[in-house]
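K.L.:
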Amino acid sequence: MELTAELSFDHDDRRDIYDYVERHGSVKPGKARRALEMEPRAFGHHVAILKRDGVLLESEGELRIAYEDELEEEFSSDGVQVTIRRAREEDLTGLVGVIRQAIGDGTYVDAETVADVIDHEEVLLRHNELQSRVFFVATVEDDVVGWVNLNTNETEKLDHTAELTVGVLEQYRGHGIGSELLERGLQWATDNGYEKIYNSVPDSNEAAIEFLKAHGWEVEAVREDHYKYDGEYLDEVMLATAP
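In terms of my numbering, the sequence shown has 240 at position 239, counting the first letter as 1, and numbering is strictly consecutive.
1. Quick one: complete beta strand (DSSP E) runs, 3+ long, within the stretch 59-130?
2. Should R53 be labelled buried (16 or more other beta-carbon atoms within 10 Å of its own) or exposed?
3. So T166 and N200 are supposed to be a Cβ contact under 8 Å. How far apart are they, rounded?
4. Could you tell me the alpha carbon to alpha carbon distance between E73 and R86, rounded to whole angstroms?
5. Which same chain residues end up closer than 6 Å to G95 when comparing Cβ atoms and leaving out the 5 residues on each side of it in sequence?
6. Skipping 5 residues on each side, what residues in its chain have a beta carbon closer than 8 Å to that of F10?
7. Just verifying my parser: in three-state terms, what is the DSSP assignment at K158?
8. Just the Cα atoms here: how many angstroms apart are E38 and Y21?
9. Can you grab the Cα-Cα spacing for the pair F212 / L151, in whole Å?
10. Going straight from the alpha carbon of R127 to that of H25, what length do you get?
11. Can you tell me the Cα-Cα spacing of A190 and V149, whole angstroms?
12. In chain order, what are the residue ranges of uninterrupted alpha helix (DSSP H) at least 4 long that sit wholly in the stretch 187-239?
13. Could you tell me the boundaries of the beta strand (DSSP E) in which R134 lies?
14. What are the boundary residues of the alpha helix (DSSP H) that includes H47?
15. Which of the three DSSP states, helix, strand or coil, is assigned to D13?
16. How is the alpha helix (DSSP H) around R35 delimited, first residue to last?
17. Return the CA-CA distance between L51 and E63, expressed in angstroms with no decimal places.
18. Taking C-alpha atoms, which residue in E90, P30 and V83 lies nearest to I178?
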């Protein structure tokens, strides 16, 4: 199931199972059944139908949402072998650490917020009737070293837009990883019909602003004194692109 797929269920119990798994990221079937107070036979039947329809899958003994799998991409730069792929729930802890380390001095507020949200929810990928959240990661020797994230709003007036964050650990910058991640995220947005992608940063984050401008992003607005950091007011620079 793709993240933009419209949610539709022909049985309330199947919706309840989906909602429970979606909220928890991955969960053992027995725990979900007990939490939902379903009879084993009925629960097993509904899970089987959800698996058949490509909505759920079972991996390593746990149920999770069956997001459509995508091919991994590999490239090499100065001897560094990099893989870019869709993130998995098991990447969550490492990804939170990478985001927080990559943003360093805290001048990438949107990325810091993303890290706080997924750390609090303990769920990486989301797809419900209000929002969707997708991540792609860059890995080196199976360790996450960078990410691109898109948050989408499922309400009709905003469902053509998405908010993006992207970053790479400092020691892996200069290898084109950020550019590859940004391209992967924008390609996903194009493939799924999004018309405008946004990213906002404090004006003190000159590196991020120049990176996005170099990739064709434009400044759409500046909100003066929007952030207050260590007692100093900073402007918010709002950038956008059409993928």
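Even for Gly, the Cβ is constructed at its ideal location relative to N, Cα and C.
P.N.:
On the basis of the data shown:
1. 63-66, 74-78 and 81-87
2. Within the sequence shown, the letter at position 52 stands for residue 53. Counting Cβ neighbours within 10 Å, R53 comes out exposed, since fewer than 16 surround it.
3. For the purposes of this step, residue 166 is identified with residue 165 of the sequence shown, where counting begins at 1. For the purposes of this step, residue 200 is identified with residue 199 of the sequence shown, where counting begins at 1. Right, their Cβ atoms sit about 7 Å apart.
4. Counted from its first residue, the sequence shown places residue 73 at position 72. Counted from its first residue, the sequence shown places residue 86 at position 85. The alpha-carbon atoms of E73 and R86 are separated by roughly 5 Å.
5. To locate residue 95, count along the sequence shown from 1; it is residue 94. So the qualifying residues of the chain are V145.
6. The count along the sequence shown starts at 1 and reaches residue 10 at position 9. Correct list, in chain order: R16 and Y19.
7. The residue you call residue 158 lines up with position 157 of the sequence shown. Residue state, collapsed to three classes: coil.
8. Against the sequence shown, residue 38 aligns to sequence position 37. Against the sequence shown, residue 21 aligns to sequence position 20. A direct Cα-to-Cα measurement between E38 and Y21 gives close to 12 Å.
9. Stepping through the sequence shown from its first residue, residue 212 is reached at position 211. Stepping through the sequence shown from its first residue, residue 151 is reached at position 150. Distance between the alpha carbons of F212 and L151: 17 Å.
10. As a first step, residue 127 is located in the sequence shown; it is residue number 126 there, counting from the start. As a first step, residue 25 is located in the sequence shown; it is residue number 24 there, counting from the start. Distance between the alpha carbons of R127 and H25 is about 10 Å.
11. Locating residue 190 in the sequence shown gives position 189, counting from the first residue. Locating residue 149 in the sequence shown gives position 148, counting from the first residue. So the alpha carbons of these two residues sit roughly 12 Å apart.
12. Runs of the alpha helix (DSSP H) lying entirely within the stretch 187-239, each at least 4 residues long, are 207-215 in chain order.
13. Stepping through the sequence shown from its first residue, residue 134 is reached at position 133. Here the beta strand (DSSP E) through R134 covers Q132 to V141.
14. Counting from one through the sequence shown, the residue named residue 47 turns up at place 46. Element bounds for H47: P41 to R53.
15. What you label residue 13 is simply residue 12 of the sequence shown in a count that begins at 1. Here D13 sits in helix by DSSP.
16. On the sequence shown, residue 35 is found 34 positions in, with the first residue counted as 1. Residues P30 to L37.
17. The count along the sequence shown starts at 1 and reaches residue 51 at position 50. The count along the sequence shown starts at 1 and reaches residue 63 at position 62. Whole-angstrom Cα-Cα distance: 14 Å.
18. Locating residue 178 in the sequence shown gives position 177, where the first residue counts as 1. When only C-alpha atoms are compared, the closest one is V83.
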